[in-house]
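J.: Counted the way our numbering counts, the sequence shown spans residues 11 to 120.
Each residue gets a CB set at the ideal place from its N, CA and C atoms; glycine is no exception.
This is the structure I have questions about; it appears just below.
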Amino acid sequence: MSYPWYSLIEEGRDEAFEVYLFEHENSILPKGSLVIEQTAWKVLETLGPEVWVATYFVPDVDAIEKLRKTPEWKQGGSIPKKLSDSRWKVYSPGPHPQVPDRKLWMVERV
Numbered sequence: 011m012s013y014p015w016y017s018l019i020e021e022g023r024d025e026a027f028e029v030y031l032f033e034h035e036n037s038i039l040p041k042g043s044l045v046i047e048q049t050a051w052k053v054l055e056t057l058g059p060e061v062w063v064a065t066y067f068v069p070d071v072d073a074i075e076k077l078r079k080t081p082e083w084k085q086g087g088s089i090p091k092k093l094s095d096s097r098w099k100v101y102s103p104g105p106h107p108q109v110p111d112r113k114l115w116m117v118e119r120v
């Protein structure tokens, strides 16, 4: 599961060091996922080159409660998830100040 980190929730924005669009086939991540700090987010809109509106996945509590009443629950497997209602703009304003050969990425609530 991917969850935003504390400063995103509290302040509505933060920097990210690692952001990339995942374009591989046959993987555990869906093609086109936006990976932010090693967690997969869902791209909702592409606003420009390397500018996206995205959201993260959260546990689907209703689906989990239904699943708990079935024999499959004891078998393990993936926890049902759904998209968060929040939307986040992800973009790079330029080079990272401490690591000039890397981009600084910003994640902001929209």
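Taking only the alpha-carbon atoms, compute the straight-line gap between P91 and P103 and give it to the nearest angstrom.
T.: It should be noted that the sequence gives Lys, not Pro, for residue 91. Rounded to whole angstroms, K91 to P103 spans 31 Å at the Cα level.
J.: Do I46 and V120 have their C-beta atoms within less than 8 Å of each other?
T.: no
J.: Is the beta carbon of S17 less than 8 Å from the beta carbon of T65?
T.: no
J.: Taking the alpha-carbon of S94 as reference, which of E28, H34, V71, Y101 has the nearest alpha-carbon?
T.: Comparing Cα positions, the closest option is V71.
J.: What do you reckon, are the CB atoms on V68 and K99 nearer than 8 Å?
T.: no
J.: Considering only their Cβ atoms, is the gap separating L44 from L31 smaller than 8 Å?
T.: yes
J.: Can you tell me which of the three DSSP states Y66 falls into?
T.: The DSSP-derived three-state label of Y66 is coil.
J.: Using the C-alpha atoms, what's the distance from W115 back to V29?
T.: 7 Å
J.: Helix, strand or coil: which one does DSSP assign to L77?
T.: helix
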